[in-house]
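Participant:
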Amino acid sequence: LCPFSYSYKIEAEFVNSSYSSESNSYSATPVSLLNQITTSIKRSTVINNESILTEWYEPNQYGEYVSAYIIYRADDSNPSLFKFIDKITKGTLRYEDFDVNVNEHNYQYKIEVENICHERTGYTNISGNILLNSKLNDMNNSVLEWSPYKEWKDGVERYEIQRQDENGNWKTIKTVDGKTQQFEEEN
127 LCPFSYSYKI
137 EAEFVNSSYS
147 SESNSYSATP
157 VSLLNQITTS
167 IKRSTVINNE
177 SILTEWYEPN
187 QYGEYVSAYI
197 IYRADDSNPS
207 LFKFIDKITK
217 GTLRYEDFDV
227 NVNEHNYQYK
237 IEVENICHER
247 TGYTNISGNI
257 LLNSKLNDMN
267 NSVLEWSPYK
277 EWKDGVERYE
287 IQRQDENGNW
297 KTIKTVDGKT
307 QQFEEEN
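Numbers given in our numbering equal positions in the sequence shown, counted from 1, plus 126.
(1) Taking the continuous beta strand (DSSP E) assigned at Phe-210, which residues delimit it?
(2) What number of angstroms, rounded off, separates the C-alpha of Lys-135 from the C-alpha of Ala-194?
(3) Can you tell which of Val-282, Ile-299, Pro-129, Asn-251 has its C-alpha closest to the C-alpha of Tyr-198?
(4) Tell me which residue opens and which closes the beta strand (DSSP E) that Ser-193 is part of.
(5) Helix, strand or coil: which one does DSSP assign to Gly-189?
(6) According to DSSP, is Gln-290 part of a helix, a strand, or is it coil?
(7) Do Tyr-183 and Ser-170 count as a contact pair if the criterion is CB distance below 8 Å?
(8) Between Asn-255 and Tyr-233, is the Cβ-Cβ spacing less than 8 Å?
(9) In the DSSP assignment, what residue or residues form a beta bridge with Thr-171?
(10) With distances taken Cα to Cα, identify the nearest neighbour of Ser-133 among Ser-206, Ser-153, Trp-272.
(11) Can you give the Cα-Cα distance for Tyr-188 and Ser-206, rounded to whole angstroms?
(12) What number of angstroms, rounded off, separates the C-alpha of His-140 from the C-alpha of Ser-149?
(13) What residues are listed by DSSP as bridge partners for Gly-254?
(14) Have a look at Ile-196, Ser-203, Phe-130 and flag the residue whose alpha-carbon is nearest the alpha-carbon of Thr-180.
(15) Beta strand (DSSP E) containing Gly-248: first to last residue?
(16) Just mark Leu-258 as buried or exposed, buried being the case when its beta carbon has 16 or more other beta carbons within 10 Å.
(17) Suppose you measure from the CA of Lys-236 to the CA of Glu-230; what does that come to, to the nearest Å?
(18) Could you check where the beta strand (DSSP E) with Leu-270 kicks off and where it finishes?
(19) When the Cα atoms are used, what is the spatial distance from Glu-137 to Tyr-191?
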């Protein structure tokens, strides 16, 4: 299963003689099907204003040969610099990151599959949290602005603006299209 280098040579034996002739040796490593194991991220979402949960799909094929998932994170201070944060064992398809400040930063995640041959088979799509900010305008109305949710293949269909009522329940007060990133609530 794991790619292993094979060495070959040819030996010619002369008829009715003790003489032989050898070729040069050549090494070849076959392409492993295990290098084709891939997955993709379903979503990354904020949990209780404390952490970010990232979930991903089962590998497309050869999932039984997964050894681990390698988790990387970047933040808005340097969004192209992904750093290793954890290695998750086979069978787990989620990671909750508690080393975050969800009220101040936007985080991006990507995952790499490691197969049983200890080879890494490439990165997933990138996923990240939505960062919400609020301010009051001159009319004392709440103005909400948020970072877009990125990397869903078909994009975001809509955003639901929700407000918590006096009983702690979240109620949708407005729905906007997936390209909108601002909402003003009039008092």
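From the three backbone atoms N, C-alpha and C, an ideal C-beta is built for every residue, glycine too.
Please read these numbers as outputs of a predicted model, since none were measured by experiment.
Facilitator: Straight from the coordinates:
(1) What you label residue 210 is simply residue 84 of the sequence shown in a count that begins at 1. Here the beta strand (DSSP E) through Phe-210 covers 209–215.
(2) Taking the first residue of the sequence shown as 1, we reach residue 135 at position 9. Taking the first residue of the sequence shown as 1, we reach residue 194 at position 68. Their backbone Cα atoms lie some 37 Å apart in a straight line.
(3) As a position in the sequence shown, residue 198 is number 72, starting the count at 1. Checking every option, the nearest Cα to that of Tyr-198 belongs to Asn-251.
(4) Looking up residue 193 in the sequence shown gives position 67. For Ser-193, the uninterrupted beta strand (DSSP E) segment begins and ends at 192–201.
(5) As a working mapping, residue 189 is identified with position 63 in the sequence shown. For Gly-189, the three-state secondary structure derived from DSSP is helix.
(6) Your numbering for residue 290 matches position 164 in the sequence shown. In the three-state scheme derived from DSSP, where H, G and I count as helix and E and B as strand, Gln-290 is classed as strand.
(7) Counting from one through the sequence shown, the residue named residue 170 turns up at place 44. Counting from one through the sequence shown, the residue named residue 183 turns up at place 57. The beta carbons of Ser-170 and Tyr-183 sit no closer together than 8 Å.
(8) Stepping through the sequence shown from its first residue, residue 255 is reached at position 129. Stepping through the sequence shown from its first residue, residue 233 is reached at position 107. Yes; because the gap between Cβ atoms is below 8 Å, this pair is in contact.
(9) Taking the first residue of the sequence shown as 1, we reach residue 171 at position 45. Bridge partners of Thr-171: Leu-179.
(10) Here residue 133 refers to the residue found at position 7 of the sequence shown. Comparing Cα-Cα distances from Ser-133 to each of Ser-206, Ser-153, Trp-272, the minimum goes to Ser-153.
(11) Position 62 of the sequence shown holds residue 188. Position 80 of the sequence shown holds residue 206. Whole-angstrom Cα-Cα distance: 30 Å.
(12) Your numbering for residue 140 matches position 14 in the sequence shown. Your numbering for residue 149 matches position 23 in the sequence shown. In the sequence on display, residue 140 carries Phe and not His. Looking at the two C-alpha atoms, the distance is approximately 14 Å.
(13) The residue given as residue 254 occupies position 128 in the sequence shown. Listed as beta-bridge partners of Gly-254 by DSSP are Gln-234.
(14) Taking the first residue of the sequence shown as 1, we reach residue 180 at position 54. Ranking the options by Cα distance to Thr-180, first place goes to Ile-196.
(15) Mapped onto the sequence shown, residue 248 falls at position 122. Element bounds for Gly-248: 246–249.
(16) Taking the sequence shown and counting its residues from 1, the one referred to as residue 258 is at position 132. By the neighbour-count rule (16 or more Cβ atoms within 10 Å), Leu-258 is not buried but exposed.
(17) For the purposes of this step, residue 236 is identified with residue 110 of the sequence shown, where counting begins at 1. For the purposes of this step, residue 230 is identified with residue 104 of the sequence shown, where counting begins at 1. Roughly 20 Å separates the two Cα atoms.
(18) Numbered from 1 along the sequence shown, position 144 holds the residue referred to as residue 270. First-last of the beta strand (DSSP E) with Leu-270: 268–272.
(19) As a working mapping, residue 137 is identified with position 11 in the sequence shown. As a working mapping, residue 191 is identified with position 65 in the sequence shown. Their backbone Cα atoms lie some 38 Å apart in a straight line.
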